[in-house]
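Chemist: Please read through the structure below; I'll follow up with questions.
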Amino acid sequence: MQVIIDENFINAPFSGFISIDKRFSLREFMSKDPRFALFRQLLTTTTVGMALPAFKDEFGEGKAIDIISTLYHDFIATGIDNLTPSGFTLD
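Sequential numbering of the sequence shown, starting at 1058, is according to this note's numbering.
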C-alpha cells in the first residue's frame, strides 16, 4: 500500500478558506452567546488602558473595541494602490 500526499492536500482547504470574502468580528461572535456578555463589556478602551495608559489617552475612555479578521479579495482586484491588506485591525 502506498499513500501519496501532494501539495493539493493542503492547498485545497486553505484555498477555500482564503477565498471567503467575509468579515469575522469578535464582538459579533461573543454576542451570540450570553455567557460572553461580561467579556463584551470589558472589551473597551478603559480596560485596555489599565495595561496601556497611552492607548486610553489616544482613543479616549469607554469606547468599544472590536477585533476583526478579514480576507477581502475585492481590494486586490481594484489595484495595489488601493489595497487594504488582510490582517489584524483594532478599532
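Here a beta-carbon is modelled for each residue, glycine too, at the ideal position from N, C-alpha and C.
Closer than 8 Å is the cut-off here; do at least three beta carbon pairs connect the region 1093-1103 with the region 1113-1123?
Modeler: The region 1093-1103 vs the region 1113-1123: in contact.
Chemist: Can you tell me whether Ile-1067 is helix, strand or coil according to DSSP?
Modeler: Mapped onto the sequence shown, residue 1067 falls at position 10. Helix at Ile-1067.
Chemist: How about Ile-1125 and Ser-1088: do their beta carbons lie closer than 9 Å?
Modeler: Within the sequence shown, the letter at position 68 stands for residue 1125. Within the sequence shown, the letter at position 31 stands for residue 1088. It is not a contact, given that the beta carbons lie outside the stated cut-off.
Chemist: Nearest-angstrom Cα distance between Lys-1113 and Gly-1106?
Modeler: Position 56 of the sequence shown, counted from the start, is the residue given in the question as residue 1113. Position 49 of the sequence shown, counted from the start, is the residue given in the question as residue 1106. If you take the alpha carbons of Lys-1113 and Gly-1106, they lie about 5 Å apart.
Chemist: Beta strand (DSSP E) containing Phe-1081: first to last residue?
Modeler: Position 24 of the sequence shown, counted from the start, is the residue given in the question as residue 1081. Counting along the chain, the beta strand (DSSP E) containing Phe-1081 begins and ends at 1080-1082.
Chemist: Which residues mark the beginning and the end of the alpha helix (DSSP H) in which Arg-1097 is found?
Modeler: Stepping through the sequence shown from its first residue, residue 1097 is reached at position 40. Its alpha helix (DSSP H) spans residues 1094-1099.
Chemist: On a Cα-Cα basis, can you pick out the residue from Pro-1070, Arg-1097, Phe-1093, Pro-1091 that is closest to Ile-1122?
Modeler: For the purposes of this step, residue 1122 is identified with residue 65 of the sequence shown, where counting begins at 1. When each option's Cα is compared against that of Ile-1122, the closest is Arg-1097.
Chemist: So Asp-1114 is in the alpha helix (DSSP H); what residue range does that whole segment cover?
Modeler: Working through the sequence shown from its first residue, we reach residue 1114 at position 57. Where Asp-1114 is concerned, the enclosing alpha helix (DSSP H) stretches over 1110-1116.
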